[in-house]
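Enquirer: Attaching a single structure in structure tokens format; questions to follow.
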Amino acid sequence: MSWLRIVAISRKEVLQIVRDPRSLLIILVIPFVQLLIFGYAINLDVKHVPLCIYDRDGTQTSQDLLKHFQATDYFAIAHLSDNYQDVVHNIDNGVCSVAIVVPPQFSEDLRSNGQASVQAILDASDSNSASIGMGYAQAIVQTYSSEIQVNWQQERGMAAGAPSISFEPRTWFNEDLESMANLVPGVVALVMAVVGAFLTSLTIAREWERGTMEQLISTPVGKLEIQIGKLFPYFVIGVADTAICAGTAVWWFGVPFRGSWLVLYGCSMLFLIVVLSLGYFISVTAKSQLGACQMALLATFLPTFLLSGFVFPIDQMPIVVQWITAILPARYYVSILRNVFLKGTAIHLLAGDIAALATIAVVLVFFATRSFKKRLE
Amino acid sequence: MRFREAIERIHQMLRKEFIQTLRDPHTRWLLFGPALIQMFIFGYAATMEIRHVSLAVLDHDNTQESRELISHFRASRYFQIVKHASQRGELREGIDRGDFVLAVEIDSGFAQRLRNGQGASVQVIVDSSNSNTALVALSYLSQVGATYAQNYQIDRIQRLAPQVASFVPQVSLEARPWFNEGLQSEWYFVPGVLGNLMLILIMNLTAFAVVREREIGTLEQVMVTPIRRWEFIVGKTVPFFLIGCFDATMLTLVGTLWFGVPLRGHVAVLAIGVMIFLLAALGLGLLLSTLAVTQQQSMITAFFFTMPMTSLSGFGTPISSMPPFFQELSYFNPLRHVVFVLRSIFLKGVGLDVLWPNLLIMAGFASLTLTVSILRFRKSLE
């Protein structure tokens, strides 16, 4: 091993990166753009669900009920229909996701039988929003029901009261229920996985495809020297991207940071080693840059996005998929980040995650080094 | 005669492209393998629904009423009681460790307040480090609370005035989830995944194919042949268009046969929607290829575009909860339109009468990107 040769390889790689300033700029801007989108546009809260109202009863009673729907944040009245066809049309073309239909006999039923029901039609093609919307609609109708019962008791001179339950939720760790705070760790992991594995996945494949590998092989440089020399510049870029992500999140968006920067950086570097080795391994194995790119996409972007618990909770997945997530580095990294950012968990509580990440790192570095053969076939 | 020559040249170009793309088994696998794997992972892993929210209870009141409330939680299919705590400290620790997401603490005096006809409050701690789970859990909570209060009130009236109890007014909600009666996540995600995979696959393939020739230097060789530029572009894009059609068919079959997503609309409408979108993805890929010299560049640039396009397509989060600016911005995103079109065809079964504006916008996007890239392509060669 010679430092000189490692530096030479690194220098060549850096030159190649720097000569393409647009790509470098994009790599450094991607984390910022991603956070901007996740910060301003992506909202997992279901609020202001566009609502369509079709009041076939048209009495004071039905209006009272509908006022309850107007009063909440969860629904926003987008349309008033006067026929059923119109309701169907609005749901079909997506103008409204929920329609409340009050039947014509509503107030009459309520007066004479004491029982009445309203219909909620939900566009369940978005199953998540539909089930949350349904929960709120149920709660609104039941609250209304309680209110009229109180009136009914008072009218009859009964000792009326409104026994109601209110939950006083205290939300811990992410007090304002900001999707942002929840998503930041995922975005950091996503950006690093992509930068790390995506870029390195091309480094060796490119040399093979362009034919420059033969020149490299004819030099005295060793396998390990190539590996370290090639990966080092991307390691630096990865560290810079982490800083950009974390800095933007904390100082621009005000995401709480309760843990230690040291733990954040230590774990991030470990994760970088994992993804860089993975990218290198892919690069050595793949025949072409197209193949390497597709494999890297499959091996990093998707698992990080889908299976790391970033957006979709792992404990809700089928058990087999949960087992698969156990070998994913991103899963442990996202968990560490979430703890470091929001909970400020002490390092000994993170030991399990860190150990898992370190194990994966060792295995991947081993395979990456083994896979590269310094000879022409 | 000139037309026949053009056809012949395109034919030769197509032959070359097909041989080049399909020769290597590795590349052949790349054309449909990753898409298939991603479809399966998405179908199984992407679930937003939250069932069995883990819950701990601490009952200081220990009355019939408080136990009744706890049994409401037990009966709800949304919650799973994992711990009956005896002191407040246990709740705190459990939440810290992540043993449960929700801790409910019923104060003493809960039953007394209810009996007096007052509002009783219950303290709840929510671990909101996953804000979506927390939000869903809160919506379930309010539902359980409202149901409990309703039941309590009716019981109370029955006790106090059994003779009139059957006349107590009561309003109920009949929820009818249309299009996806079982509220299954796969039904929601599969059509969206189809659109996303098509975009990523076709855009990348197209961009890489042209840039690869440029990077390796074979583009110049092609250009010294009598082939014209538009013929070259037709030759480059047609194979990927066909691959896209093949993949879309494959993914549709997996979605319907494996995941059981209904295809309620007309297959012809689906085909029209997919093909228009494929043209848009091709156009975007070509446009990228005119912007890039190396494959690495085209990959990075493609990634730069796809991440925001995916995020703002309404594929994972509803567009209606985005701020107005982003909602308007998303109209320029072909992916938004195709996700809507696919979901509408699969689940709602609507036809061209509803979907024509979206198809028109996608077609506009396709013709714009294709035209611009043909014009730019000419320049980038000189």
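Residue numbers (the working numbering), protein chains in the order written: chain X, 1 to 377; chain F, 1001 to 1382. Heads up, the beta-carbon is just placed ideally off N, CA and C, and yes, glycines get one too.
Could you check how far apart the C-beta atoms of S1313/F and V1339/F are, in whole angstroms? I think they sit under 8 angstroms.
Expert: Sure, about 5 angstroms apart at Cβ, within 8 angstroms.
Enquirer: Give a yes or no on whether the C-beta atoms belonging to V195/X and I27/X are separated by under 7 angstroms.
Expert: Yes; because the gap between Cβ atoms is below 7 angstroms, this pair is in contact.
Enquirer: Residues in the same chain with beta-carbon distance under 7 angstroms from L231/X, minus the five sequence neighbours each way, listed in chain order, please.
Expert: Result list for L231/X: T200, L276, Y280, in chain order.
Enquirer: Do you know how far the Cα of I1276/F is from the Cα of L1375/F?
Expert: So the alpha carbons of these two residues sit roughly 21 angstroms apart.
Enquirer: Name the residue from E1215/F, V1211/F, V1210/F whose alpha carbon lies nearest to the alpha carbon of T212/X.
Expert: T212/X has its Cα closest to that of E1215/F, out of E1215/F, V1211/F, V1210/F.
Enquirer: Can you tell which of R1229/F, D1155/F, R1336/F, M1309/F has its C-alpha closest to the C-alpha of I1010/F?
Expert: Here the closest residue by C-alpha is R1229/F.
Enquirer: Beta carbons nearer than 9 angstroms to chain F: which residues of the segment 144 to 160 of chain X have them?
Expert: Per Cβ criterion, the list reads Y144, S145, S146, I148, Q149, V150, N151, W152, Q153, R156, M158, A159, A160.
Enquirer: Quick check: the Cα distance between Q1012/F and I1243/F, rounded to an integer number of angstroms?
Expert: Distance between the alpha carbons of Q1012/F and I1243/F is about 18 angstroms.
Enquirer: So, are the CB atoms of I9/X and I217/X less than 7 angstroms apart?
Expert: The answer is no: Cβ separation not under 7 angstroms.
Enquirer: Mind pulling the chain X residues with CB within less than 8 angstroms of S1384/F?
Expert: In the structure as shown, chain F starts at 1001 and stops at 1382, and residue 1384/F therefore has no counterpart that could be examined.
Enquirer: How many Å lie between G222/X and K12/X at the Cα?
Expert: Going from the Cα of G222/X to the Cα of K12/X covers about 15 angstroms.
Enquirer: To the nearest angstrom, how far is the alpha carbon of R338/X from that of P185/X?
Expert: Approximately 6 angstroms between the Cα atoms of the pair.
Enquirer: As a quick exercise: from L1141/F, G1117/F, L1102/F, T1306/F, pick the residue whose alpha carbon is nearest that of S1330/F.
Expert: Of the candidates L1141/F, G1117/F, L1102/F, T1306/F, the one whose C-alpha sits nearest the C-alpha of S1330/F is T1306/F.
Enquirer: What residues in the segment 1259 to 1290 of chain F have a beta carbon less than 9 angstroms from any beta carbon of chain X?
Expert: So nothing in the stretch comes that close.
Enquirer: If you draw a straight line from the C-alpha of S1121/F to the C-alpha of I1106/F, how long is it?
Expert: Roughly 8 angstroms separates the two Cα atoms.
Enquirer: Is it true that the segment 56 to 76 of chain X meets the segment 17 to 37 of chain X, where meeting means three or more beta-carbon pairs spaced less than 8 angstroms apart?
Expert: Touching, no, given that fewer than three Cβ pairs across the two stretches are closer than 8 angstroms.
Enquirer: Which term fits L364/X, buried or exposed, when burial requires 16 or more other beta carbons within 10 angstroms of its beta carbon?
Expert: Burial call: buried.
Enquirer: Mind checking whether S1289/F and A1207/F have CB atoms under 7 angstroms apart?
Expert: Contact: yes.
Enquirer: Assuming the contact rule is C-beta atoms closer than 8 angstroms, C267/X and V187/X should be a hit. Round their C-beta distance to whole Å, please.
Expert: Wrong, their Cβ atoms sit about 16 angstroms apart, outside the cutoff.
Enquirer: Using 7 angstroms as the limit for Cβ to Cβ distance, is F312/X near chain F?
Expert: Yes, F312/X counts as interfacial toward chain F.
Enquirer: Which one of I1019/F, P1318/F, T1027/F, V1224/F has the shortest CA to CA distance from M295/X?
Expert: Closest by alpha carbon: T1027/F.
Enquirer: Give the secondary structure of A1248/F by DSSP, where H, G and I count as helix, E and B as strand, and everything else as coil.
Expert: A1248/F falls in the helix class under three-state DSSP.
Enquirer: Is any beta-carbon of chain F found at less than 7 angstroms from that of S117/X?
Expert: It does: the Cβ of S117/X has a partner Cβ on chain F nearer than 7 angstroms.
Enquirer: I want to see whether chain F comes within less than 7 angstroms of L122/X, judged by CB atoms only; does it?
Expert: Yes - at least one Cβ of chain F is within 7 angstroms of the one on L122/X.
Enquirer: With distances taken Cα to Cα, identify the nearest neighbour of F1246/F among T1021/F, L1279/F, F1032/F, A1363/F.
Expert: It is F1032/F whose Cα lies nearest to the Cα of F1246/F.
Enquirer: Would the segment 1337 to 1354 of chain F and the segment 1190 to 1198 of chain F be scored as touching if the rule is three or more Cβ pairs under 8 angstroms?
Expert: In short, these stretches touch, since the Cβ pair count reaches three.
Enquirer: Could you name the residues that DSSP lists as bridge partners for L1188/F?
Expert: In the sequence under discussion, the amino acid at residue 1188/F is Tyr, which differs from the Leu named in the question. The partner list for Y1188/F (beta bridge, DSSP) is empty, contrary to what the question assumes.
Enquirer: Using 10 angstroms around the beta-carbon of M1362/F, count the other beta-carbons present and answer buried if the total reaches 16, otherwise exposed.
Expert: It is buried - the Cβ of M1362/F has at least 16 other Cβ atoms within 10 Å.
Enquirer: Go ahead and label Q1170/F buried or exposed: buried means 16 or more other beta carbons lie within 10 angstroms of its beta carbon, across all protein chains shown.
Expert: Label assigned to Q1170/F: buried.
Enquirer: If we count the other Cβ atoms within 10 Å of its Cβ and call it buried at 16 or more, is G247/X buried or exposed?
Expert: G247/X is exposed by the Cβ-count criterion.
Enquirer: Can you name the residues of chain X whose CB is closer than 9 angstroms to the CB of Y1044/F?
Expert: By Cβ distance, chain X contributes M317, P318, V320, V321.
Enquirer: Using C-beta distances below 8 angstroms, list every residue in its chain close to Q1221/F, excluding the 5 sequence neighbours before and after it, in chain order.
Expert: Nothing listed; no residue qualifies.
Enquirer: Work out the CA separation of L1368/F and E1382/F for me, nearest whole Å.
Expert: Interpretation of E1382/F is limited by its pLDDT of 49, a score under 50 that renders its predicted location unreliable; no figure is taken from the coordinates.
Enquirer: Name the one or two DSSP bridge partners that R1176/F has.
Expert: In DSSP, R1176/F forms a bridge with I121/X.
Enquirer: Under a Cβ-count criterion, where at least 16 other Cβ atoms within 10 Å of its own Cβ denotes burial, should H1337/F be classed as buried or exposed?
Expert: It is buried - the Cβ of H1337/F has at least 16 other Cβ atoms within 10 Å.
Enquirer: Since T1256/F meets chain X, which of its residues come closer than 9 angstroms, beta carbon to beta carbon?
Expert: Going along chain X, no residue has its Cβ under 9 angstroms from T1256/F, so there is no contact; the nearest lies around 15 angstroms.
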